[in-house]
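> Each number in this note's numbering corresponds to the 1-based position in the sequence shown with 61 added.
From the three backbone atoms N, C-alpha and C, an ideal C-beta is built for every residue, glycine too.
The model shown is predicted, which means the values in this text are computed figures rather than measured ones.
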Amino acid sequence: MRVTAESKDNVKDVLKSAKELLRTIELNLDQSNDEREIKKFNEVIGFCEQVVKIIEDYPQSKEIVFLDCSCGKSYLSFALNYVLSEQYNINTYFYGVDTNSILIEKCNQIKDTLGCRNMHFINNKIIDVQPEKPIDIVIALHACDIATDETIAKGVKLGAKYIIVVPCCENQIRNRLKVRHPLIDLTDFGLLRYRFADILTEALRAQFLTGVGYHVKLTEVTSPKYTPKNLMIIARRKKGNKKYNMDKYERLDKMFNTEFVLKNYFSDCELSQDSLLDSSKGQKI
Ligand SMILES: C[S@@+](CC[C@H](N)C(=O)[O-])C[C@H]1O[C@@H](n2cnc3c(N)ncnc32)[C@H](O)[C@@H]1O
């Protein structure tokens, strides 16, 4: 079946009817009133819908290689694999990486039970992983704190055509917003500081990706009634010869004195030269 504009509407039905898959990955909604499972299921549906939309124009014969960063139990990869391979007949390969060896072992057991030969799980830090195949799409659902930044840095370094993340907790800059910045009267209040830190963190990530040659869109992965952590960053690598331009990122970082972590994954040389992404210019996803 070819992926079409209407396909997005099918994702929920396709996944809901995938009884064996849901039982095996333990998202068994029929027998569960567990709010965490319902929340996770809706996040996964929303993520899959966005990916299906993105690959509408993908050549059906070409293998699409995913890297799922901080995959945990890999609900997302197993669901995406099912939707794309089983339902739409798209050739896929999935790498999943997580620092938790118990979860990686669990992923391997699920993979064997489901007979998914196109999946490979790796126990490592995101930033250190070196997949054998070139990566098309980097994904991360609720990678904790700076694991989202590792994901973005890894995706940029690998020259991924898409980097799609739904960030989790944003702890790194909250305390830095207590002093020395132009909106200090706003962040005097704990709750507002908390919320503003979330917004600023996502703005820094989005501006970083823009600066290194990606077109960035922000959307909601699912309704906020399921999770407040529902912001999704979809970054598509622009084609052609691009120079890095970190001005907007630098401006924000400096204005709020955040010393944000993302640049630390790159040398000055990497960020001042012509884009690392040039090596794969002109490739169509
Ligand atoms: C909140 S869980 C999300 C798991 C999964 N993506 C999901 O949606 O169910 C975060 C996961 O990130 C993993 N993790 C945290 N830091 C990491 C890092 N630097 N590299 C790889 N995995 C990491 C943890 O072991 C944990 O499994």
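Leaving out five residues before and five after residue 288 in sequence, what residues of the same chain have Cβ atoms less than 7 angstroms from its Cβ?
On the sequence shown, position 227 is the one that residue 288 refers to. Cβ within range, chain order: 100 and 104.
> In chain order, what residues of the same chain have a beta carbon less than 6 angstroms from the beta carbon of residue 361, not counting five sequence neighbours either side?
Outside the displayed range of the chain (62 to 346) lies residue 361, so it cannot be described from this structure.
> Exposed or buried, what is residue 219 when buried is set at 16 or more other beta-carbons lying within 10 Å of its beta-carbon?
Here residue 219 corresponds to residue number 158 of the sequence shown, with the count starting at 1. Residue 219 is buried by the Cβ-count criterion.
> Determine the DSSP secondary structure at residue 108, reduced to helix, strand or coil.
In the sequence shown, the residue the question calls residue 108 occupies position 47. Here residue 108 sits in helix by DSSP.
> Which residue wins for smallest C-alpha separation from residue 189, given the options 160, 167 and 290?
Residue 189 sits at position 128 when you count from the first residue of the sequence shown. Considering only alpha carbons, the answer is 160.
> Considering only C-alpha positions, which residue in the set 76, 284, 211 and 267 is nearest to residue 145?
For the purposes of this step, residue 145 is taken as residue 84 along the sequence shown, with counting starting at 1. The residue with the shortest Cα to Cα distance from residue 145 is 76.
> Going by beta-carbon coordinates alone, are residue 108 and residue 202 separated by less than 8 angstroms?
The residue labelled residue 108 in the question sits at position 47 within the sequence shown. The residue labelled residue 202 in the question sits at position 141 within the sequence shown. It is a contact, given that the beta carbons lie within the stated cut-off.
> CA-CA distance, residue 128 and residue 173?
Start at 1 with the first residue of the sequence shown, and residue 128 comes out as number 67. Start at 1 with the first residue of the sequence shown, and residue 173 comes out as number 112. Taking the straight line joining both Cα atoms gives about 19 angstroms.
> Grab me the residues of residue 306's own chain with a C-beta within less than 7 angstroms of its C-beta, minus the 5 sequence neighbours each way, in chain order.
As a first step, residue 306 must be located in the sequence shown, where it is residue number 245. Excluding sequence neighbours, residue 306 sits near 272.
> From which residue to which residue does the alpha helix (DSSP H) around residue 200 run?
For this step, residue 200 is matched to residue 139 along the sequence shown. Here residue 200 belongs to no alpha helix (DSSP H); instead the beta strand (DSSP E) covers 198–202.
> By how many angstroms is the C-alpha of residue 266 removed from the C-alpha of residue 259?
Mapped onto the sequence shown, residue 259 falls at position 198. Mapped onto the sequence shown, residue 266 falls at position 205. Approximately 11 angstroms, taken between the alpha carbons.
> Give every residue of the same chain whose Cβ lies closer than 6 angstroms to the Cβ of residue 345, excluding the five residues on either side of it in the sequence, and list them in chain order.
As a position in the sequence shown, residue 345 is number 284, starting the count at 1. A caution first: residue 345 carries a pLDDT of 38, below 50, which makes its placement in the model unreliable, though a value can still be read off. Correct list: empty, nothing qualifies.
> Please tell me whether residue 171 and residue 86 are closer than 8 angstroms, where the distance is taken between their beta carbons.
Reading the sequence shown from its first residue, position 110 is the one you call residue 171. Reading the sequence shown from its first residue, position 25 is the one you call residue 86. Yes, Cβ-Cβ distance for residue 171 and residue 86 is below 8 angstroms.
> Quick one: grab the DSSP three-state call for residue 296.
Start at 1 with the first residue of the sequence shown, and residue 296 comes out as number 235. Strand at residue 296.
> For residue 98, which residues in the same chain have their Cβ closer than 6 angstroms to its Cβ, ignoring the five residues on either side in sequence?
The residue you call residue 98 lines up with position 37 of the sequence shown. So the list reads 88, once near-sequence residues are dropped.
> Rank 278, 270 and 118 by C-alpha distance to the C-alpha of residue 149 and give the top, closest one.
Counting from one through the sequence shown, the residue named residue 149 turns up at place 88. Here the closest residue by C-alpha is 118.
> Let me check you understand the geometry: is the CB of residue 296 closer than 7 angstroms to at least one non-hydrogen atom of ligand 1?
Mapped onto the sequence shown, residue 296 falls at position 235. Checking every heavy atom of ligand 1 against the Cβ of residue 296, none is found closer than 7 angstroms.
> Taking the alpha carbon of residue 281 as the reference point, which residue from 269, 71, 295 and 268 has its own alpha carbon closest?
Along the sequence shown, one-based indexing puts residue 281 at 220. Considering only alpha carbons, the answer is 295.
> Between which residues of its own chain and residue 276 is the CB-CB distance below 6 angstroms, once the five residues before and five after are set aside?
Locating residue 276 in the sequence shown gives position 215, where the first residue counts as 1. Cβ within range, chain order: 297 and 299.
> Could you give the DSSP three-state label for residue 130: helix, strand or coil?
Here residue 130 refers to the residue found at position 69 when the sequence shown is read from its first residue. Reduced to three states, the DSSP call for residue 130 is strand.
> Quick check: what's the CA-CA separation for residue 164 versus residue 207?
The residue labelled residue 164 in the question sits at position 103 within the sequence shown. The residue labelled residue 207 in the question sits at position 146 within the sequence shown. Approximately 19 angstroms between the Cα atoms of the pair.
> Is there contact between the stretch 312–321 and the stretch 128–142, where contact requires at least three CB pairs shorter than 8 angstroms?
Taking 8 angstroms as the limit for Cβ pairs, the verdict is that the stretch 128–142 does not touch the stretch 312–321.
> When the Cα atoms are used, what is the spatial distance from residue 194 to residue 82?
Within the sequence shown, the letter at position 133 stands for residue 194. Within the sequence shown, the letter at position 21 stands for residue 82. C-alpha separation (whole angstroms): 26 angstroms.
> How would you label residue 78, buried or exposed, when you count the other beta carbons within 10 angstroms and need 16 or more for buried?
Taking the first residue of the sequence shown as 1, we reach residue 78 at position 17. Label assigned to residue 78: exposed.
> For residue 200, count the other beta carbons within 10 Å of its own beta carbon; 16 or more makes it buried, fewer makes it exposed. Which is it?
By 1-based counting over the sequence shown, the position of residue 200 is 139. The residue is buried, with at least 16 neighbouring Cβ atoms inside 10 Å.
> What are the residues that DSSP puts in a beta bridge with residue 282?
Indexing the sequence shown from 1 puts residue 282 at position 221. Note: residue 282 sits in no beta bridge, so no partner.
> With DSSP as the reference, label residue 220 as helix, strand or coil.
On the sequence shown, position 159 is the one that residue 220 refers to. Residue 220 falls in the coil class under three-state DSSP.
> Using alpha carbons as the reference points, say which of 231, 156 and 80 lies closest to residue 138.
Counting from one through the sequence shown, the residue named residue 138 turns up at place 77. Closest by alpha carbon: 156.
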